[in-house]
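K.L.:
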């Protein structure tokens, strides 16, 4: 044997005869090579990665790319006005695009070609935030052991990454476990658990979905993809191995899709377990904040680098309320991220743990603080209202392209706003369906980081001193004390309804029109001044303020620990008293969108997957 030795993995291939052969691509005969042939894979457990909102590439019905975010599209997407956004990002005319950019690291995953990655759906998700974790999972799960050449007798045979989480651990283990902040005592994987991974293949798939449509429909589409494209691909790659079950790994809103997926009859019995990452488990007040202010992440970010990144992307996502509303008001998927009825803020507001909207105003006798919702029904109390100054949606921003108006005419709605209300009905249906839905083998991590604060509540503050005395007055200020601001418009009719008798009494200067009285119109129905500001004109006679108006501003800085987007209040829903997850972790040190780029999150994910595999072995 010379020093010029090369190792080549051998790949299993099923011949037409039915025999299995192993193929190794070698160097020329002049070079001595070693071929390391692994034992045949017995079982296949596909890893299904489901991304968060806006993390899936979308095409329109003409197969044109309308959402493939990246450096090259930043300027183009930033130029989209509200009308163009509604046109391009219409849930009725969009579908998943599977031909996005794919990143492959040949050193870490030499067995994965671009063709294989494409077949596994990697092109359906955006590389930013997801490419690294797909490569990591594929590498660590399918290469958990050192090569024979690297192994030492009577020593741990796993890779450096696995050594941290397999008994007895190494010098880094204690630090890792501390960073994970588990709800339970963390038990390292046994050596037996780790060695049994050699019997399994864990091909990593990415299942993008149309994040504009309801997550219920997305779950059904993902179920179909798992049963068809995924199963076909694993049969192609591992023709002699036995399929066991799927393991699902989620990011953000992908968790909501998955909680519907585990109830889907098409696939629920074939899901062995779920690993949730930074899931807004009971919704996020940040959605209200962004619809009211625009995509304001840069204002809420901590740290110069995070602020710069958020500032650059805000234009792409929708930097104004008008632009963002044009997209999300007609998109049930995005609206389903609003706080659920079971959202709990018990630590910050023990008197009203349901509250996530806070209204503050100074009065001559002190400050009044009101909180919403006051019932377990945020849908009727907040989301469907337009007759209050703190309403979620400005009706004037819903339909800049005129698509919803066509729906009104076609389906018999009374107004454009009623079409939006129907989307809120869909939101409630999804919330009710999944609010208590967690897989029996659930693992989850979320952030509770003071350096990445999030909106656990949104806060309105009044500029003026108000002469009021109760929370109810503050909440309903517009309807109680708002200036009616009525104008009289003539009730004009053409002459088609004029009787012959009346016609004789018309002067020659009537120009074919008649005026019959007048109609009153309220110009203050929506108190919108600018993004993040709501101004109410008050009745002068009532002397509610010295200026006869009330101006409310939204706080732009969040105050709850979290990951910059999802607050701890929502993340910890998986830990609620009624839940029985296998294990949950608070892992800090990352921003929401890039959570799976974090080393602790990546390592924790394979740890959770290994524990789920242990249940597969015991139960299948």
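Numbering (this note's numbering), first residue to last: 89 to 708. Glycine included, every Cβ here is placed at the ideal spot set by N, Cα and C. The structure presented is a predicted model; accordingly, all values stated were derived computationally and were not measured.
(1) Going along the chain, which residues of its own chain have a beta-carbon closer than 6 Å to the beta-carbon of residue 227, five neighbours each way excluded?
(2) For residue 454, count neighbouring Cβ atoms within 10 angstroms of its own Cβ and tell me buried if that reaches 16, exposed if not.
(3) In this structure, does DSSP put residue 707 in helix, strand or coil?
(4) Out of curiosity, what's the CA-to-CA distance linking residue 148 and residue 366?
(5) Are the Cβ atoms of residue 296 and residue 139 separated by less than 8 Å?
(6) Tell me, please, whether the CB atom of residue 358 is closer than 8 Å to any CB atom in chain D?
(7) Report the rounded CA-to-CA distance for residue 94 versus residue 316, giving the unit in angstroms.
(8) Rounded to a whole number of angstroms, what is the C-alpha to C-alpha distance between residue 688 and residue 682?
(9) In three-state DSSP terms, what is residue 140?
(10) How is the beta strand (DSSP E) around residue 459 delimited, first residue to last?
(11) Please identify the residue among 362, 157 and 261 whose C-alpha is closest to the C-alpha of residue 135.
(12) Go ahead and pull the three-state DSSP assignment for residue 637.
(13) On the three-state DSSP scale, how would you describe residue 168?
(14) Is the CB-CB distance between residue 536 and residue 676 below 8 Å?
(15) Answer with buried or exposed for residue 733, where buried requires no fewer than 16 other C-beta atoms within 10 angstroms of its C-beta.
(16) Rounded to whole angstroms, what is the Cα-Cα separation between residue 551 and residue 632?
(17) First and last residue of the alpha helix (DSSP H) that includes residue 557?
(18) Does DSSP classify residue 371 as helix, strand or coil?
(19) According to DSSP, is residue 604 helix, strand or coil?
(20) Ends of the beta strand (DSSP E) at residue 248?
(21) In chain order, what residues of the same chain have a beta carbon less than 8 Å from the beta carbon of residue 232, not counting five sequence neighbours either side?
(22) Relative to the alpha-carbon of residue 686, which residue among 450, 152, 656 and 217 has its alpha-carbon at the smallest distance?
(23) For a quick check, are the C-beta atoms of residue 205 and residue 488 less than 8 Å apart?
(24) Could you give the distance in angstroms between the alpha-carbon of residue 141 and the alpha-carbon of residue 302?
(25) Less than 8 Å between the C-beta atoms of residue 368 and residue 160, yes or no?
(26) Can you list, in chain order, the residues of its chain with a C-beta nearer than 6 Å to that of residue 163? Leave out the 5 residues immediately preceding and following it.
P.N.:
Straight from the coordinates:
(1) 196 and 197
(2) exposed
(3) The three-state reading of DSSP puts residue 707 in helix, counting H, G and I together.
(4) 29 Å
(5) yes
(6) Of the protein chains in the structure, only one exists, and it is not chain D.
(7) The pLDDT assigned to residue 94 is 42, lower than 50, so where the model puts this residue is not dependable; a value taken from the coordinates is nonetheless given after this. Looking at the two C-alpha atoms, the distance is approximately 38 Å.
(8) 12 Å
(9) coil
(10) From DSSP, the beta strand (DSSP E) with residue 459 extends over 454-460.
(11) Comparing Cα positions, the closest option is 362.
(12) strand
(13) coil
(14) yes
(15) Since the first residue shown for the chain is 89 and the last is 708, residue 733 is missing from the structure and cannot be characterised.
(16) 13 Å
(17) No alpha helix (DSSP H) holds residue 557; DSSP gives it neither H nor E.
(18) coil
(19) Residue confidence for residue 604 is low, a pLDDT of 48 falling below 50, so the modelled location carries little weight; the figure read from the coordinates is stated next. In the structure shown, residue 604 sits in a strand (DSSP, three-state: E or B).
(20) For residue 248, no beta strand (DSSP E) segment is defined; the enclosing uninterrupted segment is the alpha helix (DSSP H) at 248-251.
(21) 246, 247, 250, 282, 285 and 286
(22) 217
(23) no
(24) For residue 141 and residue 302, the distance between alpha carbons rounds to 11 Å.
(25) no
(26) none
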